[in-house]
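Colleague: My questions all concern the structure below.
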Amino acid sequence: MDDVLAQKIVEIRLLQEKLEKYESAADDATEGLWDWDFETGRVFVSKPWRTMLGLSNETPVDTPEVWRSLLHEEDAERVTQHLNDYIAGIRNTYREEFRLKHTNGEYRWILSKAQAIRNENGKVLRLLGSHTDITVQKTVAQALKKSEEKYRNLFQNSLVAMFRSNADTGEILEANDKSKEFLFSNDQAVANFYDVLHDRDRKKLLNKLEQEGSVDNLELPIKTSGDGPIWVSCNAIFYREDNVIECILKDITQTKENLLELQKVNFELDSFVYHASHDLRSPLRSILGLIELYRIETNQSIRAECIEKIQDSVKRLDDLVVELLSISRNDRVNDPHVEINLMLEINNSISSYYNASNTENLQIRTKVLQPVTFKSDLTRVRIILNNLISNAIKYRSYGKDENYIYIDAVVDNEQLVLKVEDNGEGIEESKLPHIFDMFYRATEKSEGSGLGLYIVKKVADKLEASILVESQELEGTTFKVTIPNTFEPDIDVNS
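For the sequence shown, the numbering used here gives the first residue as 1, with consecutive numbering after it.
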């Protein structure tokens, strides 16, 4: 009996030594180890297990209920269910991530793994497991996820087109919504970036990327199914290791159009200054020459002719200044619309030019139908009337036995339709498209500045009016001007 007792004491000591070694090894481990004895219901946890949660050695953690009490409420149901399923044999493995409460009030992310020791019937005898603190990894992963979500949101909602494409084939790998404006043709998505580039531009882009690795603000025309290209500013980076091009496109079509318009305006301004200075100096040189001739000439008839020619030059100079002022005023000033008596204005215009010209064999017929009030910009309407009527008188055919000018004006609530028809010299068909250009003279016989019809067109544009011209050389010309009527009659509600 004493021998049996002695043997048991030895076995207990050996078991105690093994337990102490196990506990020592568990305390030295980086992971927190735990051991749940199902026969006794007791739980052993290592020192690192406690350290992860800030628990002292005196804090009792010897039952599963302590662990359950530390679980985050959002994780508790899921983790407990999965553990129970593993114990019951429903799940083959146990590996879970959850949050446990630290003594400082914060939650630590834990990766928990366990292995069950079962008897021959599959009943769990012990559950051996480990805890690994993955808080840092989780924090980094969450920050990375938020960063990716932020990037994705910026990527998809960016006001510029952003996409990635294969450097060799041009295949679109990824594109945001804005890219659809550039990578669509006939309402179909373009799967290849190179398909919307002209060959010359594609080679230019790829050569620059190959040599420098990136491009900044490269201006490219993008092919579209519409009338013209979309101009873009391209910024791209070539990632050689992935053979991928990341590209940002910004629409600069309006900027390009504005630049072209500015260049056009500058050209017109240069042309205007050149022609205006030439036309201003020409009569001045003529006047200076005539004055010098007047000084040395004693013949009175020749001197009288000099005075007459000086007067003509001064008149041409004055007309040019008036026309230049009309151009400037038309761009700057908007006069209030007033009621206009068209018969009166047409007669005044005819009188101004009919009396000042050689009007032999010239008949002018006027028909005005104005049953309703006509309202518009009086100054601009006068400019149109004066130019069209004066041109019809000035460029009549002197070789014909009879010259006529027909002036028709018809007014309704919507508009004035003004027609000025003559059987004068007419205009060559090839010159018709240019008659409204600045300083354009349709005939070499013209003594005008070439600004009259240009002013008419500019004035008509201001009035939102339209102009149609029909002409045959040596047969005559008809101008038809349609001007909106801005008069608004009072409405009698009772009627």
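C-beta: ideal position from N, C-alpha, C; glycine also. Because the structure is a prediction, the values reported are computed rather than measured.
Here's a check: name, in chain order, each residue in its chain whose Cβ is nearer than 8 Å to the Cβ of residue 57, leaving out the five neighbours to either side.
Modeller: The beta carbon of residue 57 lies closer than 8 Å to those of 47, 50 in the same chain, with the five residues before and after it left out.
Colleague: State buried or exposed for residue 322, treating a residue as buried only when at least 16 other CB atoms are found within 10 Å of its CB.
Modeller: exposed
Colleague: For residue 299, count neighbouring C-beta atoms within 10 Å of its own C-beta (all shown protein chains included) and say buried if the count is 16 or more, exposed if not.
Modeller: exposed
Colleague: As a quick exercise: from 421, 287, 383, pick the residue whose alpha carbon is nearest that of residue 367.
Modeller: Closest by alpha carbon: 421.
Colleague: Quick one: is residue 391 buried, meaning 16 or more other Cβ sit within 10 Å of its Cβ, or exposed?
Modeller: Residue 391 is buried by the Cβ-count criterion.
Colleague: Please classify residue 12 as buried or exposed, where buried requires at least 16 neighbouring CB atoms within 10 angstroms.
Modeller: Its pLDDT being 47, under 50, residue 12 is placed unreliably in this model, and the value from its coordinates should be taken loosely. Exposed, since its Cβ has fewer than 16 Cβ neighbours within 10 Å.
Colleague: Please list the terminal residues of the continuous beta strand (DSSP E) segment that includes residue 236.
Modeller: 230-239
Colleague: In terms of residues, what are the limits of the alpha helix (DSSP H) holding residue 415?
Modeller: No alpha helix (DSSP H) holds residue 415; the beta strand (DSSP E) holding it covers 415-422.
Colleague: Which residues in the same chain have their Cβ closer than 8 Å to the Cβ of residue 217, if we skip the five residues on either side of it in sequence?
Modeller: 233, 234, 235
Colleague: With a threshold of 16 other CB atoms inside 10 Å of the CB of residue 477, please say whether the residue is buried or exposed.
Modeller: For residue 477, the number of other beta carbons within 10 angstroms of its own is at least 16, and it is reported as buried.
Colleague: Have a look at 177, 157, 160, 197 and flag the residue whose alpha-carbon is nearest the alpha-carbon of residue 169.
Modeller: Ranked by Cα distance from residue 169, the first of 177, 157, 160, 197 is 197.
Colleague: With a cut-off of 8 Å on the beta carbons, I'd call residue 375 and residue 486 a contact; round off their distance for me.
Modeller: 5 Å
Colleague: Could you check if residue 213 is buried or exposed, using at least 16 other CB atoms within 10 Å of its CB as the buried criterion?
Modeller: exposed
Colleague: Which term fits residue 377, buried or exposed, when burial requires 16 or more other beta carbons within 10 angstroms of its beta carbon?
Modeller: Around the Cβ of residue 377, a 10 Å sphere holds 16 or more other Cβ atoms; the residue is buried.
Colleague: Quick check on DSSP: helix, strand or coil for residue 309?
Modeller: helix
Colleague: Going by alpha carbons, who is nearest to residue 67 out of 36, 426, 89, 317?
Modeller: 36
Colleague: Just to confirm, are residue 385 and residue 339 a CB contact at a threshold of 7 Å?
Modeller: no
Colleague: By Cβ distance below 8 Å, which residues in the same chain neighbour residue 372 in space, the five residues on each side in sequence not counted?
Modeller: 411, 412, 413, 485, 487, 489
Colleague: Apply the 10 Å Cβ neighbour rule to residue 151 and answer buried if 16 or more other Cβ atoms are within range, or exposed otherwise.
Modeller: With fewer than 16 Cβ atoms within 10 Å of its Cβ, residue 151 is classed as exposed.
Colleague: Determine the burial state of residue 180: buried for a count of at least 16 other Cβ atoms within 10 Å of its Cβ, exposed for fewer.
Modeller: exposed
Colleague: What distance in whole Å lies between the Cβ atoms of residue 415 and residue 483, which are believed to be in contact at a cut-off of 8 Å?
Modeller: 6 Å
Colleague: Quick check on residue 28: does DSSP put it in helix, strand or coil?
Modeller: Confidence at residue 28 is low in this model, with a pLDDT of 49, below 50, so the placement of that residue should be treated as unreliable; the coordinate-derived value is given next. If DSSP states are grouped into helix, strand and coil, residue 28 belongs with the helices.
Colleague: For residue 27, which residues in the same chain have their Cβ closer than 6 Å to its Cβ, ignoring the five residues on either side in sequence?
Modeller: Its pLDDT being 49, under 50, residue 27 is placed unreliably in this model, and the value from its coordinates should be taken loosely. The residues are 46, 47.
Colleague: Alpha carbon to alpha carbon, what distance is there between residue 464 and residue 316?
Modeller: 30 Å
Colleague: If you follow the alpha helix (DSSP H) that residue 210 is part of, which residue opens it and which one closes it?
Modeller: 199-212
Colleague: Go through its chain and collect everything with a Cβ distance to residue 74's Cβ below 6 Å, but skip five positions before and after it.
Modeller: none
Colleague: Among the candidates 39, 165, 178, whose CA atom is the shortest distance from the CA of residue 125?
Modeller: 39
Colleague: When you compare the segment 70-90 with the segment 160-169, are there three or more beta-carbon pairs, one atom per stretch, that lie closer than 8 Å?
Modeller: no
Colleague: Quick one: give me the first and last residue of the beta strand (DSSP E) that residue 484 is part of.
Modeller: 476-484
Colleague: Please state whether the Cβ-Cβ distance between residue 114 and residue 129 is less than 7 Å.
Modeller: yes
Colleague: In or out: residue 178 buried (at least 16 other Cβ within 10 Å) or exposed?
Modeller: buried
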